[in-house]
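Reading through the structure tokens given below for one structure.
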Amino acid sequence: MTDDNEAKLPPDEEVSLTAEVSADVAPVVEEFMAEAAQANEEEAEAIANDSNIEADAGIAGEEFLNSSQVGPYISFEHVCKSFGDFVVLEDVSFFVNPGETLCILGRSGVGKSVSLQILMGFLKPDQGTVLVAGQDISGLSEREMQEVRRKVTMVFQNGALFDSISVGENVAFPLRERRTMEEDQIRQVVKGLLEMVGVAGMEDLLPSDLSTGMKRSVAIARALAAQPSAVLYDEPTTMVDPLMAHLLGDLIQRLKVQLHLTSIVVTHDMRFAQKLADRVVFLHEGKAHFFGTMEEMRSSKDPVLQEFLALDALILPN
Ligand SMILES: Nc1ncnc2c1ncn2[C@@H]1O[C@H](COP(=O)(O)OP(=O)(O)O)[C@@H](O)[C@H]1O
Ligand SMILES: [Mg+2]
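Just so we're aligned: 65 in full-length UniProt numbering is position 65 of the sequence shown, and the numbers increase by one with no gaps anywhere.
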């Protein structure tokens, strides 16, 4: 009997995103999340159809059928970036498909944050092609880039919250920008999102009242309020206690499974990568030294990868 009961417990990633949301706001929050999930599914389908059309243009018959798979949602193709004479990225390529999670790994100073800044259009690459939300961002105006940032949003290491307004108003910000929601709806969604990310009831506090982990949770809630299709996280577990790290990991995984969110997670926490990553890219000396699955990385005989994994095992004993 006990076995039966245990078998019925859903895995972490299937525990409803809104499981922690109080009953009074649950209907509004559930509708908000369902809307986001549906939009993401439709967008992934649209990208799949687009790549079918492109494939169709040049080839026919069986060859077309074989080539008609989903294109990446975000990618770097041969990206180079230097600051003056200092080369940070040299011919770096990787991709993440719609609904998948990519972890960017590598030592400090290797260009992980720079890569995210390039994806957000805050920094321009010197060479190479950058695809975000399925489109080449190189020719986009600042205004068009703002549209892309509505779909692909970033959670900064420090949260980058607005310091002078309350936690609740920070999360309400993207909701107000839509100009379609009633004040009471906004209040309910804000309450529900804060409960969802584990910082219930903190609406009236200021960001300066919060710990690093809490700030990051609020930043995630604010990102979700924009109903994004992809979220880029810069070191979400750095300087966060193990319990909060676990909570954030579960949350990122549930967002992937239940909202079909595409994610890029910069981390040097290998357990985090193991839990979340469909693929990892390991940056080393300016290059994408490795791009593949965690399994492939672990079984690789490459001395640089082995050293990184061994070092990590020392820092994070099992
Ligand atoms: N705006 C900038 N101007 C000059 N150098 C920068 C700039 N941003 C980052 N760098 C340098 O680029 C390198 C990579 O930085 P970063 O991507 O932040 O590393 P990390 O992998 O730790 O996130 C570092 O040496 C950093 O000092
Ligand atoms: Mg960084």
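By construction, the Cβ of each residue, glycine as well, lies at the ideal position given by its N, Cα and C atoms.
Residue environment, residue i, which counts as buried when at least 16 other CB atoms sit within 10 Å
i, result
"R107", "exposed"
"K19", "With the sequence shown as reference, residue 19 is identified as Ala, and Lys is not the correct amino acid for it. A19 comes out exposed."
"H78", "exposed"
"A46", "exposed"
"S229", "buried"
"A310", "exposed"
"S138", "exposed"
Where the alpha helix (DSSP H) through residue i begins and ends
i, result
"D250", "P242 to L259"
"I212", "The amino acid at residue 212 is misidentified as Ile; the sequence shows Thr. Element bounds for T212: T212 to A225."
"L206", "No alpha helix (DSSP H) contains L206, which DSSP labels as neither H nor E."
"I118", "K112 to L119"
Cα-Cα separation between residue i and residue j, rounded to whole angstroms
i, j, result
"Q38", "E144", "23 Å"
"D269", "L105", "8 Å"
"L224", "V28", "14 Å"
"A34", "L131", "27 Å"
"D234", "T267", "7 Å"
"L259", "N40", "7 Å"
"S208", "S113", "24 Å"
"T293", "M244", "26 Å"
"L305", "G168", "43 Å"
"F83", "S141", "22 Å"
"F32", "A160", "24 Å"
"K275", "D163", "32 Å"
N-terminal and C-terminal residue of the beta strand (DSSP E) that residue i is part of
i, result
"S93", "F86 to V96"
"V79", "I74 to F83"
"residue 319", "Outside the shown range of the chain, which is 1 to 318, sits residue 319, and nothing can be said about it."
"I104", "T101 to L105"
query = Whole alpha helix (DSSP H) runs in the segment 151-196 with 4 or more residues, listed along the chain?
reply = Taking only runs of at least 4 residues, the alpha helix (DSSP H) segments lying wholly in the segment 151-196 are 167-178 and 183-196.
inquiry  = My parser needs the alpha helix (DSSP H) runs of 4 or more residues fully inside the segment 275-317; what are they?
reply    = With a minimum length of 4 residues, the continuous alpha helix (DSSP H) runs that stay inside the segment 275-317 are 294-299 and 303-315.
For review: beta carbons within less than 5 Å of any heavy atom in ligand 1 = Any residue whose Cβ sits closer than 5 Å to a heavy atom of ligand 1 makes the list: F83, V88, S108, G109, V110, G111, K112, S113 and V114.
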